[in-house]
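Peer 1: Going by our numbering, the letters in the sequence shown line up with residues 1 to 120, in that order.
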Amino acid sequence: MAPSPLELCDLCGSTFPAEETARCWVPDSSAVRAGREWFDGLRLLTACGADHLTELRDRYRRRPFVQEELWAAKIDQVLSTGAATTTLEQLACRTGLHLPEIRRAVAWRNNRHRHVAEDS
Ligand SMILES: [Zn+2]
């Protein structure tokens, strides 16, 4: 019999058989995945048991959901995959975002980089 595939706990990093996996979806504005746009803003948590799943969920519940962060992540994903995107209109088309949303995402990103630079 082939060994069952192992899963990795997002909290403690331990490995365990896939059939013992505890999973749930949480809102996460940094989560985007190519080809799975309908899951944008959702992250699938994987844990070794109910205790660690609860702790992971609490962490994400405290994490603010920032719409601009989600848009910025979509833009990054489009820019790093597939054909070159040279105009804002192309970017809007490929991300499914409106131009004002792209501008807000870029402004949010610039603002955040400034804060990170000041902190260090
Ligand atoms: Zn664990």
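Positions of the beta carbon are idealized from the N, C-alpha and C atoms, including for glycine.
Is the number of C-beta pairs between the stretch 88 to 104 and the stretch 43 to 54 that are closer than 8 Å three or more?
Peer 2: Segments in contact, no.
Peer 1: Taking 7 Å as the cut-off, is the CB of Ala47 close to at least one heavy atom of ligand 1?
Peer 2: yes
Peer 1: Check the C-beta distance from Ile75 over to Ala105 and give it rounded, since I have them as a contact under 8 Å.
Peer 2: 6 Å
Peer 1: Please classify Val106: does DSSP put it in a helix, a strand, or coil?
Peer 2: helix
Peer 1: Beta-carbon within less than 8 Å of Val78's beta-carbon, same chain only, minus the 5 sequence neighbours each way: which residues are those?
Peer 2: Thr85, Leu91, Arg94 and Thr95
Peer 1: Rounded to a whole number of angstroms, what is the C-alpha to C-alpha distance between Gly49 and Glu89?
Peer 2: 46 Å
Peer 1: Which residue wins for smallest C-alpha separation from Cys24, given the options Leu45, Ile102, Arg112 and Gln67?
Peer 2: Leu45
Peer 1: With a Cβ-Cβ cutoff of 8 Å, do Leu11 and Ala47 count as a contact?
Peer 2: yes
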